[in-house]
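Working notes, beginning with the structure itself.
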Amino acid sequence: MTNTVYVPIDSAATSVGATAVALAITAEARRRDIDIRLVRNGSRGLLWLEPLVEVETVEGRVGYGPVTAADVAALFDSDFLTGADNGFSVGIVEDIPWLADQQRVTFARVGVIDPLDINDYEAHGGLTGLRTAIALGPSKTVEEVLASGLRGRGGAGFPAGIKWRTVLEAESGQKYVCCNADEGDSGTFADRMLMEGDPFTLIEGMAIAGIAGGATKGLIYIRSEYPDAIATMRAALLIARGCGLLGDDVLGSGKAFDISVRVGAGSYVCGEETAMLESLEGKRGMVRAKPPIPALHGLFGEPTIVNNVLTLGTVPMILAQGAAAYQALGADRSRGTQVFQLAGNIARGGIVERAFGISLKELVETYGGGTRSGRPVRSVQVGGPLGAYFPASALDVAMDYEALLAAGGMLGHGGIVVFDDSVDMAQQARFAMEFCSKESCGKCTPCRVGSVRGTEVIDKIINNVDRNENLELLNDLCDLMIDGSLCAMGGLTPMPVLSALRQFPEDFQR
Amino acid sequence: MAHRVRPWTQADGQELLKLLPYDERLILPALQAVQQGFGYVPKEAVAQIAVALNVSVADVHGVLTYYHELRTTASAPIIVAICVAEACQAAGARELIVHVSANLAPVGGRSTDDQVDVVEVFCLGNCALGPAALINERLVGRLTPNTLEAALSDARVAL
Ligand SMILES: Cc1cc2nc3c(=O)[nH]c(=O)nc-3n(C[C@H](O)[C@H](O)[C@H](O)COP(=O)(O)O)c2cc1C
Ligand code: SF4
Ligand code: FES
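Just so you know, the protein sequences line up as chains B and Y, in that order.
Going left to right, the first sequence walks through residues 19 to 528 as this note's numbering numbers them.
Going left to right, the second sequence walks through residues 2 to 160 as this note's numbering numbers them.
Rendered as C-alpha cells:
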C-alpha cells in the first residue's frame, strides 16, 4: 500500500521549515525504496505544532510535530508511516482536544484537502452550495444568506444579505463582486490561510454572490505582503476556469462570472472598502465619504458587493447545509461561527473556529495556553491595531459583536494578540498613534495631524514633560479624532490608546 | 521580487505597458508592472504611463507617492521586510530590530555591502509564529538573530 503523507504548504508552516521537511521526506523515502504519496495540504491551524506532518492510517490521520528536516530520518526509523506512537506523535489529529472541540464551518476543509485539487474539493462537499444557489435563483439565494444571519467578517459586521439584496435590486448593466483580501490587521491571518488552504471555497462564494447579485465580474484585492496566497489564488482561478466553475456558463447555469486578482501596494487604509475601490480603480487609496454606499455606487460607480474573504468563504457552506444550521450557532445577534486567530506571545497560537459567545478567557487560557514565554499574561489586544487592550483581569468577556462593544472593545476581524508582563503599555499606545500617522490616507485633519501630535504628546508623557497637562491633552486629542474622522482609521485609533491609558495608568507614570 | 530585473529603456517600457491586460490599463497596475519589470519606477516611466493611459503626469505621480511599496530608485538585491506590528512586538520584534540595526542596517537603510535593504512592514499574516519577516518573497517565522542570519545567507546564495 502506498502511504499518504501530508506536509502543509501554508506559508506559516513553510516559514518554519515545512518545505525542507517535505523535501527531506521525499528524499528519505526514495533512499529507503518506500513508495509514498506526498500531499501539500493547507495548515490545520494548530500553528504551534508546525511543521505538522500527517500520515494517513485506517484509524485516521496521525500527526507528528513540530518536526524539522533533521528529524526526518528518525521519523522513518520510528515507523511513522504506520502511525506509530513515537516522540513526535501528537496522535490522531482530529482527536486533539484543541481541534476536536472546534466548530469548523468556514475552515472545514482547510488542512484537510489538497488546496488545488478540485476533485478533492468536491469530494469534501465543495460546489454543493453553488449548485444550490443556481437552483434557487438570485432572490431565494439572497434570502438564505439573510436568514443565516451572516454578518461581515472584515470588521464592521454588517449583515451580508442586506448588502446583497441592495445590489440585486439595483439597476445596472455591469455589477461587481469585490473581495476584500487586504487583511491588514496585526494578529490576523485567517483570510490568508483560507486562500492558501481552500481557495476554491472563496471562488465558489464569489460565484454565488455574483449569481445572487447579478454581477458578472469579480475582483480579489490581495495585499502584496501575501505572495503565496496570491500565487495559490491565481492557480486556483485557472483551474476553476478550466472546469467551468468560472466563465461564460458557470456550472451550466447559463450565467457568466469570472474573477481576477489584484495586488495591493502596502497601504493599511486600502482595507477600508471605499479606499480599496479607489485602489482597484488604480488611484490613490483615499477613503470616500458615504453615502453613496458601495452597494449602489461602488467600483467605477457601479453597484458592488464588497465582502471580506471569510464572509464570502462561508457562503458555500451556508447554502450547502442550509441557513438554519448556520443560524442555530451563535449568541444573540451574532450568528454562526467566528474564525478566531490566536497570536502574539501565546503558547498555542493558531485558528480557533467556534460559535460566537465563547469567552476571551477560554480562547486565551484554554486554547492559547497562556504565553509562549511562560510569563504571566498582562494584556490582550482584540480586533487588530484599532482594537482595545484588555487587562488579564478582564478576559471574562463574551466574544460576540455586541458584548465586545459593551465591554469597550470591538471584534474586528477576530484577531487576538497576547502580551506578557514585559510589555510597556505606554509604548503600545504610542505605536497605535504612530501607526495611524503612517497609514492615514490624509483626508481628515484630526486623523492626519492628530495622530502626529498624539505620538509627540505620548512621548512627552513617557519622558515626564508636563505630564498632567499632556495627559489631558491626549484625552482631548482622542475625543477630536473620534468625532472628526471620516473612517475608523482615525475614529478608532483612540481605542487602543485610551484603553491602554485607562487600564494600565501605571505605565504612563514611570 | 527584487532581483532578476532588467534596466529600463524607452522601448522596453513601452512594450511592457502594451502587454497590460485591458482591465489593468490603470495607473496602479501600470506602476506595479513597471516596478516588477525594472525593479523601480524611473522618472521617464511616469511620463510614459501618463501618455499610455491618457492621464496627467500629476495623476501618475500622485499614485506613485501614495503607496509605501512603490520605489523611484533601485533597491538592493535582497529586501528584508521585518514585521513591526503588535503581534510580532509581543513575540520579540523590537529586540530583533535592535539586533538588525546594529548588525545589518537600520530600518529604512541598506547594508554596507549594498546587498540588503531593511524595511519595516505591518503584519505578514504570520502572527502566531512571530517575529516574522519576508526575505524577498520568502516568509520566515519564529525568528531569532541566528535564524534570521541563516535565512539571509540562503537569500545571498540564491542571488
Ligand atoms: C482602516 C480600515 C481598514 C480595514 N481593513 C480591512 C481589511 O483589511 N479587510 C476587510 O475585509 N475589511 C477591512 N475593513 C472593513 C471594510 O471597510 C469593510 O467593512 C469590509 O470589507 C466589508 O466586508 P464585510 O461586510 O464582509 O466585512 C477596514 C476598515 C477600515 C476603516
Ligand atoms: S479618518 Fe484618516 S484614514 Fe480615514 S478618511 Fe480620514 S484621514 Fe483618511
Ligand atoms: S504581526 Fe507580525 S506577522 Fe502579523
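Don't be surprised by glycine CBs; every beta carbon is placed ideally from N, CA and C.
If you're wondering where the values come from, they're calculated on a predicted model, not measured in any experiment.
Around the beta-carbon of B/F98, 16 or more other beta-carbon atoms lie within 10 Å, marking it buried.
Remark: three or more beta-carbon pairs, one from each stretch, lie closer than 8 Å, so the segment 397 to 412 of chain B and the segment 504 to 518 of chain B are flagged as touching.
Looking at the DSSP output, Y/L135 bridges to Y/A82 and Y/L140. Collapsing the DSSP output to three states places B/R528 in coil. Rounded to the nearest angstrom, the gap between the Cα atoms of B/A349 and B/F374 is 6 Å. One alpha carbon belongs to B/F449, the other to Y/E96, and they sit about 15 Å apart.
With respect to chain Y, the C-beta atom of B/R390 has a partner C-beta closer than 8 Å. For B/G172, the shortest C-beta to heavy atom distance toward ligand 3 is 7 Å or greater. Using beta-carbon distances, Y/E138 counts as an interface residue toward chain B, with a partner under 8 Å.
Counting only the Cα atoms, B/Q521 lies some 21 Å from B/S469. Listed along chain Y, no residue sits closer than 8 Å to B/R122 by beta-carbon distance, the nearest being about 17 Å off. For the options Y/A151, Y/E150 and Y/P132, the alpha carbon positioned closest to that of B/A30 is the one of Y/P132. A Cβ-Cβ distance of about 12 Å is found for the pair B/P84 and B/V25, leaving them out of contact under the 8 Å criterion. According to the DSSP assignment, B/P409 belongs to the beta strand (DSSP E) that extends over Y407 to P409. Against chain B, a Cβ distance below 8 Å from Y/I28 picks out G300 and K301. Listed by position along chain Y, the residues whose Cβ is nearer than 7 Å to that of B/P245 are E138. DSSP places B/N325 in the strand class (E or B) of the three-state scheme. The C-alpha of Y/T145 is placed about 27 Å away from the C-alpha of B/F358. Taken through DSSP and simplified to helix, strand or coil, B/T292 comes out as helix. Only those residues of the segment 98 to 132 of chain Y whose C-beta falls short of 8 Å from the nearest C-beta of chain B are listed: V122, F123, C124, L125, G126, N127, C128, A129, L130 and G131. Cβ contact annotation for Y/V64 (same chain, cutoff 7 Å, sequence separation greater than five): I28, L29 and L32, in chain order. Take the alpha-carbon of B/L134 and the one of B/L256: they are about 10 Å apart. With respect to chain B, the C-beta atom of Y/H69 has a partner C-beta closer than 8 Å. Counting only residues of its own chain and dropping the five nearest sequence neighbours on each side, Y/V120 has a CB closer than 8 Å to the CB of I80, V81, A82, I83, V108 and G109.
For the pair B/V23 and B/I54, the Cα-to-Cα distance works out to about 7 Å. In this structure, the straight-line span from the alpha carbon of Y/D114 to that of Y/A159 is close to 16 Å. Chain Y has a Cβ within less than 8 Å of the Cβ of B/G202. In this structure, Y/A94 is the residue among Y/N104, Y/A94 and Y/V101 with its C-alpha nearest to the C-alpha of Y/G142. Look at the beta carbons and you see the segment 300 to 319 of chain B not touching the segment 215 to 225 of chain B: under three pairs across the two are nearer than 8 Å.
For the 8 Å CB-CB criterion, B/V268 and B/E290 do not form a contact. Between the segment 337 to 345 of chain B and the segment 318 to 325 of chain B there are fewer than three C-beta pairs closer than 8 Å, too few to call the two in contact. B/A91 and B/R127 have their C-alpha atoms roughly 30 Å apart. Taking C-beta atoms under 8 Å as the contact rule, B/Y286 and B/E457 qualify, at a distance of about 4 Å.
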